[in-house]
Structures are given as structure tokens and as C-alpha cells.
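Colleague: Taking the UniProt record's numbering, I'd label the letters of the sequence shown as residues 1 to 311.
Beta carbons are placed, not taken as given, at the ideal position from N, Cα and C, and that holds for glycine.
Quick caveat: nothing in here was measured; it's all calculated off a predicted structure.
First the structure, which I've put down as C-alpha cells, then a few questions once you've had a look.
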Amino acid sequence: MTYHQIPLGWTGMIDLFSYDERHLRSIKVENGQLISHIRYQTEEPKVSSRAYSLFTNCQPGYWVDFPYFAMEEEVGVESQQSVWVQECYVNLYENNEPVGTETPSSGGGGTSSLPPSTGDSDKEEDICEEEFCIPFPEEDRYFETTNTPDDGFNFQGEKVKIPTTLILQNGDQIKIEFGITQSDRKSANQEVAKLLLEGIKHAIEKANLKLSGNEKITSIYIAATTNGTHGPGSNHYNGTAIDISRINGVKMSVSGITNQIIQLQIAMDNFPNVRENFGPHFKHKFSIETGKWNYSHPVGGHSDHIHFSVR
1 MTYHQIPLGW
11 TGMIDLFSYD
21 ERHLRSIKVE
31 NGQLISHIRY
41 QTEEPKVSSR
51 AYSLFTNCQP
61 GYWVDFPYFA
71 MEEEVGVESQ
81 QSVWVQECYV
91 NLYENNEPVG
101 TETPSSGGGG
111 TSSLPPSTGD
121 SDKEEDICEE
131 EFCIPFPEED
141 RYFETTNTPD
151 DGFNFQGEKV
161 KIPTTLILQN
171 GDQIKIEFGI
181 TQSDRKSANQ
191 EVAKLLLEGI
201 KHAIEKANLK
211 LSGNEKITSI
221 YIAATTNGTH
231 GPGSNHYNGT
241 AIDISRINGV
251 KMSVSGITNQ
261 IIQLQIAMDN
271 FPNVRENFGP
281 HFKHKFSIET
291 GKWNYSHPVG
301 GHSDHIHFSV
311 R
């Protein structure tokens, strides 16, 4: 786990996301001071002495529900998992003395004094208060992987860098943006198999043929190629896999399953050299050994990004 220091005098909002762009928390900062943090969870937390301590003043939490979408070619509906949201305000101190001013009115206001000493102050000074640390989350804890016999092979083909602009056969230009993974601080703009680049271009072209004018894909955000931390045998490491987490600037974690996601995954399935196609719409995997598809591959995660690999 690593931590960042807030610059003196800086004011703004810090949003923390996991590797798969799960919204973990937001932190409000005024003049370099932590004012409050908003936590996003998928279950209601148990009330603890730390959460409601002299350091913090928490508002009542609430649930945020997301709309349901019809399941493509299936019976029923599905939705993004509901999120529990809670905002806590911090009581600020300077030079080990109470500030003497009220916390923001939306946080309940009031003044407070320092918590009593336990006689072990040196040890306590090394503890980062849980509610107001700013960690980079560990990426791989949100993912499960399942290997098949031809995973982890040594790719020997040509590799290229993905350009920042893809030009389709009809002349349309697709903007490509690249993320940075926190585990290694590397950009996703790394060399990948030329075949993977061809697959991405093929999929966008075919998807756009099925999309209306205002739905057409004009940009994608690549969260990972060979960068980041992945499961054992992952096709990311040999440059044959890519993770796409945004379409036209919109996070899949926010949009839910859209027609763009559906058509893009369908088009990926139709690329002759597709290997893995895991995303919000479905999780398909092709076996080289058997020449057959697994249309319900048992892999976790991938609710807010598309993992696409080729062979």
C-alpha cells in the first residue's frame, strides 16, 4: 500500500478507484486539509468506535440503487450492484491543539477536543487514521482467474504500440486513451501483439455498423495491456490481452450495460483469433485444444471493463 501527500494550500476532490474502476471513496480537501471522505461499499458497514470517534463525525449512510437493464437474448433483467454511501467529516487540529472552529455545516458542526493520551504517543503517531488515509488500492484483489491449458504461452509474434488515433476503413477516427496502473505506475501504452491491435480495430468497425449515429464508438479508454498486476498465466503479460474500461469517455462502472458494450463484445466474438472476451455483457472463452467455446466461463469481476485477448 502506498500513500500520497496532499500539497499545502490545495483545494479539491480526490476520487479513488480500484484497478477495475470500482469507485472506492471520495475525499474533500480545503487548503491542504482533509475535510471529509465519502465511502462507497456494497454492504452496510458495522458501526465502529473508529468511525464515530472524536476524529470524525459521520452522516447517516444511504443506499444508491441503479436502473435495471433487459438481459440481451435472455429472460429477465440485471443491474449494477447497489452501493452504500456514507460521508464523514474530520475534526481538524494544528500543533496538537483544537482548531476551535466548526466543521462544515453539512457535517453537523460543533467543536471537539483531542482524544485522551494512552501513554503510548510515539506508537500512535505512526498510525494513519483509517478514515482519512489516501491509499492506492491493491488491484488484483477484485479479480478471480481460472486458467485453461493454453494460458501463459510465450508469444513470438510481432508487437506494436497502439496509436492514440485509430483510423477505420471508412475514414472515421477513434481516439485512444491510456490509463496508469497503481501497482507498477506504468501506462497502458505498451507494445502489444499486432494481432490484438487488428482485433480491436475489427471489433470497433463491426460494432459501429450496428450502432446508430449518436451511439457510435468514437473513443475508448485502455486501462491495461502488459502493465499492472494480473492472475497467474494471464494473457496480459505476453501482450495479447487488453482491458477497456470506458467508451466515449464514460466509465462502464457508471453506464452499466449499454448497446455500445453489447455490440463491441459481440464484434469481438466474431474476430477470427479471439481468445478471451470477458465483460459486463458476457464472459466467453475459446479453447485452442478443443476448438470449442465456453459461453459461461467461470471468471470473476469484469462487470465494469471488457477484457479482450487474442491467439
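1) What residue range does the beta strand (DSSP E) around residue 14 cover?
2) Excluding the five sequence neighbours on either side, which residues of its own chain have a C-beta within less than 8 Å of the C-beta of residue 261, listed in chain order?
3) Going by DSSP, name the residue or residues bridged to residue 178.
4) So, at 6 Å on beta carbons, what are the nonlocal neighbours of residue 302 in its own chain, with the 5 sequence-adjacent residues on each side left out?
5) Apart from the five residues just before and just after residue 249, which ones in its own chain have a Cβ nearer than 7 Å to its Cβ?
6) For residue 234, does the count of other Cβ atoms within 10 angstroms reach 16, so buried, or fall short, so exposed?
7) Which whole-angstrom value is the C-beta distance of residue 263 and residue 201, which I expect to be below 8 Å?
8) Looking at the structure shown, is residue 85 part of a helix, part of a strand, or coil, going by DSSP?
9) Can you have a look at residue 313 and say buried or exposed, based on whether 16 or more other CB atoms are within 10 angstroms of its CB?
10) Just the C-alpha distance for residue 221 and residue 207, rounded to the nearest angstrom, thanks.
11) With a cut-off of 8 Å on the beta carbons, I'd call residue 242 and residue 192 a contact; round off their distance for me.
12) For residue 285 and residue 28, I'd like the C-alpha separation in whole angstroms.
13) Hey, quick one: how far does the beta strand (DSSP E) through residue 188 stretch, first residue to last?
14) Give the straight-line distance between the Cα atoms of residue 310 and residue 39, rounded to the nearest whole angstrom.
15) Kindly indicate which residue of 34, 58, 63 has the alpha-carbon position closest to the one of residue 41.
16) Could you round the C-beta distance between residue 187 and residue 227 to whole angstroms and report it? I think they count as a contact, below 8 Å.
17) Between the C-alpha atoms of residue 61 and residue 37, what's the straight-line distance to the nearest angstrom?
18) Using the beta-carbon count (16 or more within 10 Å), is residue 179 buried or exposed?
19) CB residue 16 to CB residue 23, shorter than 9 Å?
20) Just reading off the alpha helix (DSSP H) that residue 23 is part of, what are its end residues?
21) How about residue 204 and residue 162: do their beta carbons lie closer than 9 Å?
22) Which ranges would you report for the beta strand (DSSP E) in the stretch 243-309 if only whole runs of at least 3 residues count?
23) Short check: CB of residue 181 to CB of residue 224, under 9 Å?
24) Between which two residues does the alpha helix (DSSP H) holding residue 209 run?
25) Pull up the DSSP beta-bridge partners for residue 39, would you.
26) In the DSSP assignment, what residue or residues form a beta bridge with residue 167?
27) Just tell me which of 88, 272, 308 has its CA closest to the CA of residue 317.
28) Please list, in chain order, all residues of the same chain as residue 59 whose beta carbon is under 6 Å from its beta carbon, the five residues on each side excluded.
29) Which of the three DSSP states is assigned to residue 121 in this structure?
30) Where DSSP assigns a beta bridge to residue 57, which residues make up the other side?
Modeller: Quick answer:
1) 12-17
2) 247, 252, 255, 279, 280, 281, 306
3) 222
4) 278, 279
5) Cβ neighbours of residue 249 beyond the five flanking positions: 219.
6) buried
7) Incorrect: roughly 15 Å between the Cβ atoms, too far for contact.
8) strand
9) Outside the shown range of the chain (1 to 311) lies residue 313, about which nothing can therefore be said.
10) 16 Å
11) 7 Å
12) The straight-line gap from Cα to Cα measures roughly 42 Å.
13) From DSSP, residue 188 is part of no beta strand (DSSP E); its letter is neither H nor E.
14) 37 Å
15) 63
16) 7 Å
17) 12 Å
18) Here residue 179 is buried. Its C-beta has 16 or more other C-beta atoms within 10 Å.
19) In this structure, residue 23 lies closer than 9 Å to residue 16 by Cβ.
20) Careful: residue 23 lies outside any alpha helix (DSSP H), inside the beta strand (DSSP E) at 23-30.
21) no
22) 274-278, 283-286
23) yes
24) 194-210
25) For residue 39, DSSP records a beta bridge to 25, 86.
26) 173
27) Any answer about residue 317 is impossible in this case: the structure gives the chain only from 1 up to 311.
28) 87
29) Reliability fails at residue 121, whose pLDDT of 36 lies under 50, so the model's placement of it is uncertain and the value that follows must be treated cautiously. Note: residue 121 maps to helix in three-state DSSP.
30) 89
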